[in-house]
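S.K.: This is the structure I want to talk about, given as structure tokens.
As structure tokens, then:
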């Protein structure tokens, strides 16, 4: 069960019992070197990766081998939206911390990157060649999907940016 601003996020569907949000996989990012694909479920707490070589394979058992190659990278907080930079960090939203965090594949840690009380459901991140991470705060947890008949999102919606650490920029894959 995810919490945003201290409020539990359930799925409300007419004629159905109260349930957890049933979103599928959404967050997705290539590693800076293009060798791994990182992904996770919307509103879920775990980060996974799979080697891109397994995804490009086209043999008789390639699908089973790709599935067997999925690696759990541990908990990352409830999130959506992923991005990478030239440090190799995998950035992701962290709704319960009002933050963006990043996973560091070099040492397997997940760390807070930026925290602000205005942030809740970070999505659609993009690293720029100017050394900034751009992102939106879509307020998914406050829309009609979660609160039927009401819209608790606060306008105006905003586009944010924050300087990447260590002079990082957008990775340019060839």
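Residue numbers (our numbering): 10 to 183.
Yeah, the Cβ is synthetic: ideal placement off N, Cα and C, and Gly gets one too.
#1: Find the nearest neighbour of residue 40 within the set 106, 149, 153, 95, judged by alpha-carbon distance.
#2: Kindly give me the distance between the Cβ atoms of residue 59 and residue 79, rounded to whole angstroms, as I take these residues to be in contact under 8 Å.
#3: Is there contact here, the region 65-74 with the region 121-129, by at least three beta-carbon pairs under 8 Å?
#4: Here's the rule I'm using: 16 or more other beta-carbon atoms within 10 Å means buried, otherwise exposed. How should residue 181 be labelled?
#5: Between which two residues does the beta strand (DSSP E) containing residue 46 stretch?
#6: Assuming residue 143 contacts residue 172 (C-beta within less than 8 Å), just tell me the rounded distance between them.
#7: Which residue wins for smallest C-alpha separation from residue 93, given the options 16, 53, 84, 45?
#8: Return the CA-CA distance between residue 85 and residue 131, expressed in angstroms with no decimal places.
M.R.: Once the coordinates are examined:
#1: Working through the chain shown from its first residue, we reach residue 40 at position 31. Closest option to residue 40, Cα to Cα, is 95.
#2: Residue mapping note: residue 59 aligns to position 50 of the chain shown, counting from 1. Residue mapping note: residue 79 aligns to position 70 of the chain shown, counting from 1. That pair is a contact at about 5 Å.
#3: no
#4: In the chain shown, counting from the first residue as 1, residue 181 sits at position 172. So residue 181 counts as exposed.
#5: The residue given as residue 46 occupies position 37 in the chain shown. Where residue 46 is concerned, the enclosing beta strand (DSSP E) stretches over 45-50.
#6: For the purposes of this step, residue 143 is taken as the residue at position 134 of the chain shown. For the purposes of this step, residue 172 is taken as the residue at position 163 of the chain shown. Contact doesn't hold; Cβ gap of about 11 Å is too wide.
#7: Along the chain shown, one-based indexing puts residue 93 at 84. Nearest C-alpha to residue 93: 45.
#8: Counting from one through the chain shown, the residue named residue 85 turns up at place 76. Counting from one through the chain shown, the residue named residue 131 turns up at place 122. Rounded to the nearest angstrom, the two C-alpha atoms are 13 Å apart.
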